[in-house]
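A quick write-up on the structure given underneath.
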Amino acid sequence: MKYSLLILLAVSSFAAAQDIHCRVVGIADGDTLTCLTDTRKQLKVRLNQIDAPERGQAFGSAARKKLSRWVHGQYVTLKTDGADKYGRTLAEVFSGGLNINKEMVKSGYAWAYRKYVRDTEYIRLEERARAASLGLWSEPNPIYPSEFRNGKKAGMVTQQIKPSYAMPKTGGKFTCSGKRFCKEMSSCSEAKFYLNKCGVRRLDRDGDGIPCESIC
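If you count by mature numbering (1 follows the signal peptide of the UniProt record, and there is no 0), then the sequence shown holds residues -17 to -1, 1 to 199, one letter each, in order.
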């Protein structure tokens, strides 16, 4: 009996850690996607060890678009690690030799999910992205997704802390000096100033409120 139980546990452990090859057919947000296997089975996948901004949160839309650019419509390999309480497959996602989970953190579009992180490289990548003010780290006080979620559950409106652009159009850190293109911007903060204070709408081509997404 004990021997049979050990075999069952070993098989279950192997199954939980198997690699799955599938095609990405949907992106829910910056850390959740839908994958279609060769047997036409749909898997809801939660990217393991990371936490991306939620929908309605600053950089939530940008994180979703970033993940979509990397994997939507692509065949990927999932290195699975069981499932979460919602039944989603937990996995590191690989495409073209890249660990997409780590790339999301490295580029500043997700946090290392410290509650669940086991690979300390995620934390190092987050620290580097923060130091370089990449992605969400261009904001002065980005709100951790779990805090945003808890605020919503409590029925509170979570205030996004955004850079203040109360400076006049001349003087201060930035001025409306005639710049019109993303390539002319020195930082995400300057791009936001030109969008919000100078009215240069061409910087936000998709109208999601985030200018120059190559640097924001």
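Positions of the beta carbon are idealized from the N, C-alpha and C atoms, including for glycine.
In or out: residue i buried (at least 16 other Cβ within 10 Å) or exposed?
i	result
Lys89	buried
Phe157	buried
Ala115	exposed
Lys24	exposed
Pro125	buried
Gln40	buried
Pro123	exposed
Is it true that the CB of residue j sits closer than 7 Å to the CB of residue i?
i	j	result
Cys5	Leu16	no
Lys162	Tyr92	no
Glu109	Ala95	yes
Ala45	Asp14	no
Ile83	Trp53	yes
Trp57	Tyr99	The residue you asked about is not Trp; residue 57 is Gln in the sequence shown. Not closer than 7 Å, so no.
Leu30	Thr72	no
Cys199	Cys165	no
What are the start and end residues of the alpha helix (DSSP H) that includes residue i?
i	result
Val88	Ile83 to Lys89
Ser169	That residue, Ser169, is in no alpha helix (DSSP H); it is neither H nor E in DSSP.
Gly43	Gly43 to Val54
Kindly examine the ligand MN and report whether one of its heavy atoms sits closer than 6 Å to the Cβ of residue i.
i	result
Asp67	Ligands displayed in this structure: none; no statement on the ligand MN is therefore possible.
Have a look at the DSSP bridge pairing and note the partners of residue i.
i	result
Val28	Leu16 and Thr72
Ala95	Ile33
Thr158	DSSP output for Thr158 lists no bridge partner at all.
Please report the residue range of the beta strand (DSSP E) in which residue i lies.
i	result
Val183	Per DSSP, Val183 belongs to no beta strand (DSSP E) and is neither H nor E.
Every unbroken alpha helix (DSSP H) inside the region 97 to 129 [4 residues or more]: 104 to 114
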